[in-house]
Each structure stands twice: as C-alpha cells, then as structure tokens.
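In full-length UniProt numbering, the protein residues as written are 1 to 79.
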C-alpha cells in the first residue's frame with residue numbers, strides 16, 4: 001500500500017522564485033523595496049566619499065603637477 005502525494009506537494013522546491021513571490025513578496029514587498037533603495041543610497045555615498053579623497057588631493061596638486069602640461073624634467077621628451 002503506497003501513499004501517493006499530489007504533484008504540487010514539492011513544487012516549492014522546484015520553483016523558488018514563485019515561492020518567494022507568494023510567501024515573502026506579498027507581505028514584505030515594501031520592506032524589500034526600501035532595503036534595496038537604502039542599499040543603493042549607501043553604496044552611492046560610500047563610493048562618493050571614497051573617491052572624494054583622491055579627487056581632492058588631485059585638485060590640490062593640480063597646480064604643481066598638471067596632468068595636461070607636464071613641466072617636470074622627468075616628463076620631458078628627448079628627441
């Protein structure tokens with residue numbers, strides 16, 4: 001005597017996206033969207049402040065060692 005299970009009893013294992021949609025998305029949709037937006041804002045500000053330091057140093061020393069007009073003897077070309 002064998003017990004047969006319905007075909008849908010293990011459907012959540014084969015399709016995790018649909019399981020996520022039905023279980024979590026309906027109840028926590030706005031929490032997920034808010035979390036993604038906060039993460040993107042954090043990433044934006046982190047990268048902004050991370051690159052701000054080197055941009056500030058490049059701006060401060062641009063007068064001494066210009067990127068476009070190299071006046072230092074080490075940068076001169078010898079023909």
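C-beta atoms are modelled at their ideal positions from N, C-alpha and C, and glycine is treated no differently.
Quiz item: Excluding the five sequence neighbours on either side, which residues of its own chain have a C-beta within less than 8 Å of the C-beta of residue 118, listed in chain order?
Solution: No answer is possible for residue 118: it lies beyond the span of the chain, which begins at 1 and ends at 79.
Quiz item: DSSP three-state call for residue 19: helix, strand or coil?
Solution: helix
Quiz item: For the ligand MN, is there a heavy atom less than 6 Å away from the beta-carbon of residue 52?
Solution: Within the structure as shown, the ligand MN is missing, as the structure has no ligands at all.
Practice problem: Please report how far the alpha carbon of residue 44 lies from the alpha carbon of residue 20, in whole angstroms. | Solution: 28 Å
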